[in-house]
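Below you'll find the structure, written out as structure tokens, and then a few comments.
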Amino acid sequence: MTTTLPTDPGRHDHPLPTQHEPEPPSASEPESVVESVAPQLRPLGRVDRLALHLGVALIRWGRRPRPARPVASVDWEAVRRVREERERALERQHADLLRHRMTTPYR
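Remember, the numbering used here sits 812 above the position in the sequence shown when you count from 1.
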């Protein structure tokens, strides 16, 4: 069994979108409909390219190989004891609150 979780650097799930040439508007269609259908493409600037590279780097960093933690490393008995102690403390706090309400005169 492997102890690290691998990443696949050569994954290409999404093909690049094909760019279609905008068709010339016909005389029967209004110009507002043609503009909303075919948005103007703008050239990529340095900031866009930097943002793209930063996004890809963050995704790759999130998918980096890490050592797998074995389940046996967690001390489940200690976790159970801490949870029970927390529940007992909440019950004591609730009982103290009820006792205070029962002994305090109503105004």
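No residue lacks a Cβ here, since even glycine has one placed at the ideal position from N, Cα and C.
Check, Outcome
"Can you give me the C-alpha to C-alpha distance between H865 and P851, rounded to a whole angstrom?", "24 Å"
"Under DSSP, the alpha helix (DSSP H) around G857 begins and ends at which residues?", "It is not in any alpha helix (DSSP H) - G857 carries neither H nor E in the DSSP assignment."
"Per the DSSP calculation, P877 is bridged to which residue(s)?", "Answer by DSSP bridge pairing: none, since P877 is not bridged."
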